[in-house]
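Here the sequence shown stands for residues 104 to 196, where the numbers follow this note's numbering.
C-beta atoms are modelled at their ideal positions from N, C-alpha and C, and glycine is treated no differently.
None of these values were measured; they are calculated from a predicted model.
Worksheet for the structure shown next.
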Amino acid sequence: EVSPLPEESGPAPFTTYKNNMRVMGHYDQIGEFLGDIASLQRIIVPVDLTIAPANPASAKALGDSSGAMLEARFQIRTYVKSASAAEGEASGT
Numbered sequence: 104e105v106s107p108l109p110e111e112s113g114p115a116p117f118t119t120y121k122n123n124m125r126v127m128g129h130y131d132q133i134g135e136f137l138g139d140i141a142s143l144q145r146i147i148v149p150v151d152l153t154i155a156p157a158n159p160a161s162a163k164a165l166g167d168s169s170g171a172m173l174e175a176r177f178q179i180r181t182y183v184k185s186a187s188a189a190e191g192e193a194s195g196t
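Dropping the structure here:
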């Protein structure tokens with residue numbers, strides 16, 4: 104589940120895009136997912152991570168019968184160089 108939040112200016116020279124995220128999986132799967140985020144070419148930072156046991160009904164719907172399914176909630180922040188900063192670099196200022 105991804106829930107976009109309003110974009111913010113800064114820190115200079117970036118615009119920050121925020122999304123609340125919720126994922127379910129086993130501990131190693133959640134770790135792999137966060138590692139994949141960290142390896143993307145953009146600057147993307149997961150923050151405010153919480154991990155809790157998944158709702159048993161949701162885990163069962165996903166085929167988990169071991170009781171080891173977890174739910175992770177966190178926010179990702181994506182830093183994108185603002186258009187004005189990119190224009191300044193192109194003009195040499």
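query: Skipping 5 residues on each side, what residues in its chain have a beta carbon closer than 6 angstroms to that of residue 120?
result: Along the sequence shown, read from residue 1 onward, the residue named residue 120 stands at position 17. Only 110 and 181 meet the Cβ criterion.
field: alpha helix (DSSP H) segment containing residue 169, residue limits
entry: Position 66 of the sequence shown, counting from 1, holds the residue named residue 169. Here residue 169 belongs to no alpha helix (DSSP H), and DSSP marks it neither H nor E.
message: In the DSSP assignment, the beta strand (DSSP E) including residue 144 goes from what residue to what residue?
response: As a working mapping, residue 144 is identified with position 41 in the sequence shown. Premise fails: residue 144 is in no beta strand (DSSP E) and is neither H nor E.
- prompt: Is it the case that the Cβ atoms of residue 175 and residue 154 are separated by a distance below 8 angstroms?
  reply: By one-based count along the sequence shown, residue 175 stands at place 72. By one-based count along the sequence shown, residue 154 stands at place 51. Yes; because the gap between Cβ atoms is below 8 angstroms, this pair is in contact.
query: Leaving out the 5 sequence neighbours to the left and right, which residues in its chain are closer than 7 angstroms to residue 150 when beta-carbon positions are compared?
result: Reading the sequence shown from its first residue, position 47 is the one you call residue 150. 177, 178 and 180, listed in sequence order.
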